[in-house]
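Visitor: Residue numbers (our numbering): 7 to 480. Yeah, the Cβ is synthetic: ideal placement off N, Cα and C, and Gly gets one too. Source: prediction; values computed, not measured.
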Ligand code: AMP
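Here's what the structure looks like:
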């Protein structure tokens, strides 16, 4: 099936050809025809699957082929640019979008807006704007004053504008909840309920989420009507085009030395390094810069302007290494990122999949490398179970860990070292139960698996610096 067989508007087909898209992805093949037919959707798909186009193309097609309701057009912005006489509040006409896309993060919202502009380039009458936390209010008022057809927003800031009467959802036709699972994780459930309650019940609802289990599945059921459930082939979670590796490290000093070594690999075009905390992202990016590597941090404590500048520098290739936290890196789509490093492992296996999906974008291949303390092998096993893929263990000559990998198979003998490093499989010998993981991990009160500190696990004689840092230091 190709895009013209789906019956999309010629102007959209032209934009897709210009973007180099020849075939719809698996999620697009299933979602676009159903959305065009007016169905609600509950889609479980991974990042990088082409989900943005899956919801945006049918919406653009609809707006290209329908006349905007007269009531909405009556809010044309002309009179809003009149000089203020102190009656702005009285004269301000609320924006009446036809489509709302809710996203968990500002970066994803900007990404969706950029994709919309790309797909809708030939449709001059369709306007999309992003309304985000961290953006100055006057700028947002100006954007809303354009009475956009498509509003892409993060929940918190949208609620602010709804509360002050700047947005009227009476004309809304399509509601998209993008990365809905992540919005719930981030505690947006009440905001989402409130926003959804303000939209017409006759709307079309398209919900995208990495998973449709548990709370998110219940919410999806409540917010959709007779939704078509689309489960994109689980192989997309495997990221088969992304090579995965892991290195065991003894302590923080070892981890830093190894990362420095790996980052100097000439095959890296651009790299994304994940840390567990915002503070670690800053500290690590400072350290890498001092070591002569071109790095910058990206995290939620930075002002939006600084985040945008950093991302723009990354997109333009002026920055080689981005050190980021999970939330800030959500939705980053920079096709030239060749390597992803997990400086700290993520808490959840799903996050691992999202992280490594930042490389190998748009049909390219990528390499994901995790730096793992011996005490974290349980987390690695969880990831391997989730992705149903083993992550091969590698050792860099000159940077070997002093401890043997847990239950690692005996070293293969007589095998040549691979580019100065050696691959070993991580797992029990065939036919043996994996007793390493039979005990449940201790749980912290907040529900996260307790992680031992370097101090608890470091060998006598390991560096004092490594000994002082705790994995659980958030
Ligand atoms: P998404 O999952 O929406 O973040 O998209 C992931 C990447 O795939 C983006 O870089 C898109 O531009 C790209 N993409 C989406 N659909 C297609 C397609 N049909 N053909 C080629 N690339 C695509």
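Among the candidates 212, 155, 151, whose CA atom is the shortest distance from the CA of residue 51?
Guide: 212
Visitor: Inspect the CB distances between the stretch 276-284 and the stretch 347-365 and report whether three or more fall short of 8 Å.
Guide: yes
Visitor: Which residues bound the alpha helix (DSSP H) around residue 189?
Guide: Element bounds for residue 189: 186-191.
Visitor: With residue 121 and residue 186 assumed to form a contact (beta carbons below 8 Å), what rounded beta-carbon distance in angstroms separates them?
Guide: Wrong, their Cβ atoms sit about 18 Å apart, outside the cutoff.
Visitor: Between residue 230 and the rest of its own chain, which residues show a CB-CB distance below 7 Å, the 5 nearest in sequence each way excluded?
Guide: The answer, listed in chain order, is 46, 48, 211, 213.
Visitor: DSSP three-state call for residue 20: helix, strand or coil?
Guide: helix
Visitor: Residue 164 lies in the alpha helix (DSSP H); which residues open and close that run?
Guide: From DSSP, the alpha helix (DSSP H) with residue 164 extends over 161-169.
Visitor: Who are the Cβ neighbours of residue 8 in its own chain at under 8 Å, not counting the five residues just before and after it?
Guide: 28, 29, 30
Visitor: CA-CA distance, residue 4 and residue 33?
Guide: Nothing can be reported for residue 4: it is not among the residues displayed for the chain, which extend from 7 to 480.
Visitor: Quick test of your reading: residue 264 and residue 253, contact by CB under 8 Å. State the CB separation rounded to the nearest angstrom.
Guide: 6 Å
Visitor: For residue 106, list the residues DSSP reports as bridge partners.
Guide: 157, 181
Visitor: Should residue 22 be labelled buried (16 or more other beta-carbon atoms within 10 Å of its own) or exposed?
Guide: buried
Visitor: Might you give, ordered along the chain, the residues of its own chain that have their beta carbon closer than 6 Å to the beta carbon of residue 291, omitting 5 neighbours on each side?
Guide: 301, 302, 303, 329
Visitor: Does the pairing of the stretch 333-341 with the stretch 255-263 give three or more beta-carbon distances under 8 Å?
Guide: no
Visitor: Residue 57: beta carbon under 6 Å from a heavy atom of the ligand AMP?
Guide: yes
Visitor: With 16 as the cutoff for other CB atoms within 10 Å, does residue 307 come out buried or exposed?
Guide: exposed
Visitor: Please report the Cβ distance between residue 69 and residue 155, rounded to the nearest whole angstrom; I am assuming they are in contact, meaning their Cβ atoms lie under 8 Å.
Guide: So it is a contact: roughly 6 Å between Cβ atoms.
Visitor: Which of the three DSSP states, helix, strand or coil, is assigned to residue 220?
Guide: helix
Visitor: To the nearest angstrom, how far is the alpha carbon of residue 333 from that of residue 309?
Guide: Near 14 Å, if we compare the C-alpha coordinates of residue 309 and residue 333.
Visitor: Could you tell me whether the Cβ atoms of residue 119 and residue 134 are closer together than 7 Å?
Guide: yes
Visitor: Go ahead and pull the three-state DSSP assignment for residue 147.
Guide: Here residue 147 sits in helix by DSSP.
Visitor: Note down the Cα distance separating residue 247 from residue 396, rounded to an integer number of angstroms.
Guide: Rounded to the nearest angstrom, the two C-alpha atoms are 14 Å apart.
Visitor: I'd like to confirm something about residue 31: is its beta-carbon nearer than 6 Å to some heavy atom of the ligand AMP, or not?
Guide: Yes; taking the cut-off as 6 Å, the Cβ of residue 31 has a heavy atom of the ligand AMP nearer than that.
Visitor: Which same chain residues end up closer than 7 Å to residue 14 when comparing Cβ atoms and leaving out the 5 residues on each side of it in sequence?
Guide: Cβ within range, chain order: 63, 67.
Visitor: Starting from the C-beta of residue 171, find all residues in its chain whose C-beta is less than 7 Å away, skip the five residues before and the five after it, and write them out in chain order.
Guide: 100
Visitor: Across the stretch 182-201 and the stretch 102-110, are there enough close Cβ pairs to call them in contact, namely three or more that are closer than 8 Å?
Guide: Segments in contact, yes.
Visitor: Return the bridge partner residues of residue 276 from the DSSP annotation.
Guide: 343
Visitor: In this structure, does DSSP put residue 372 in helix, strand or coil?
Guide: strand
Visitor: Taking Cβ positions, are residue 250 and residue 374 nearer each other than 7 Å?
Guide: yes
Visitor: Going by Cα to Cα distance, which pick from 43, 194, 20 is closest to residue 126?
Guide: In terms of CA proximity to residue 126, 20 leads the group 43, 194, 20.
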